[in-house]
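**Q**
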Ligand code: ATP
Ligand code: MG
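In our numbering, the protein residues as written are 320 to 524.
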């Protein structure tokens, strides 16, 4: 009898305003290292952590996410948070993914280390940690405080939060937006199709 392996699914959540090459690089590194069958890129609708800053319309962020991921056969884009009303709580997103792929599927939420350090502020985080794994990839300027994680989440932290060292890229959407606004080049910081889209639509300037 052949054993069927559980599906392993990566969830790459973000505002993607715009998506940049560090997002793609960490998703690919985690996919490979954790033997994921696919990675879902899920643009956030109404980012609970970013209230106050004007975010580009969901339509543009979705288009750029599709353009950036289209050449990787493991990468897919899900509009689920954009189609939902109310804030983009990851707990709801994870439950929807679990429902779609079945109870046996194992979910891995892919993040940078800055996000791992802020997990304690997330909506119903303990429930979320029971329902999926987190992978924190190294990000410049954001060393992970593992002791704090264990203090905050106890055994759940050791069981469900994993770390992966990746080549660190000092890139953020904030930097990309600022460069466009200043008329500077964003070549090699975002994929060529995203660079062209930003120009064509006049975003961030
Ligand atoms: P902003 O500057 O607008 O906050 P961002 O570059 O941080 O944008 P987000 O959409 O906020 O991008 O991040 C989505 C996810 O990608 C988060 O988990 C974040 O930690 C991770 N991430 C973004 N940039 C990097 C990077 N350079 N290295 C590692 N992880 C990153
Ligand atoms: Mg961010």
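The beta-carbon is built from N, C-alpha and C at its ideal position, and this holds for glycine as well. Given the structure is predicted, the values throughout are model-derived calculations rather than measurements.
(1) To the nearest angstrom, report how far apart residue 482 and residue 445 are at their CA atoms.
(2) Which residues count as close to the ligand ATP when the rule is a CB under 6 Å from any of its heavy atoms, in chain order?
(3) Suppose the cutoff is 7 Å on Cβ atoms and the five residues either side in sequence are ignored; what does the same chain contact list for residue 379 look like?
(4) By the DSSP assignment, the alpha helix (DSSP H) with residue 465 in it spans what residues?
(5) Starting from residue 340, trace the beta strand (DSSP E) in both directions and tell me its first and last residue.
(6) Measure the beta-carbon distance from residue 326 to residue 424 and round it to whole angstroms, keeping in mind my assumption that it falls under 8 Å.
(7) Please confirm whether residue 330 and residue 429 have their CB atoms less than 8 Å apart.
(8) For residue 490, which residues in the same chain have their Cβ closer than 7 Å to its Cβ, ignoring the five residues on either side in sequence?
(9) My understanding is that residue 463 touches residue 435, with C-beta atoms under 8 Å, so please give their C-beta distance in whole angstroms.
(10) Quick check on residue 513: does DSSP put it in helix, strand or coil?
**A** According to the data block:
(1) 18 Å
(2) 333, 334, 335, 336, 341, 342, 345, 430, 431, 433, 434, 456, 458, 488, 490, 491, 492 and 493
(3) 520 and 522
(4) 465 to 472
(5) No beta strand (DSSP E) holds residue 340; the alpha helix (DSSP H) holding it covers 340 to 352.
(6) 4 Å
(7) yes
(8) 339, 340, 341 and 508
(9) 6 Å
(10) helix
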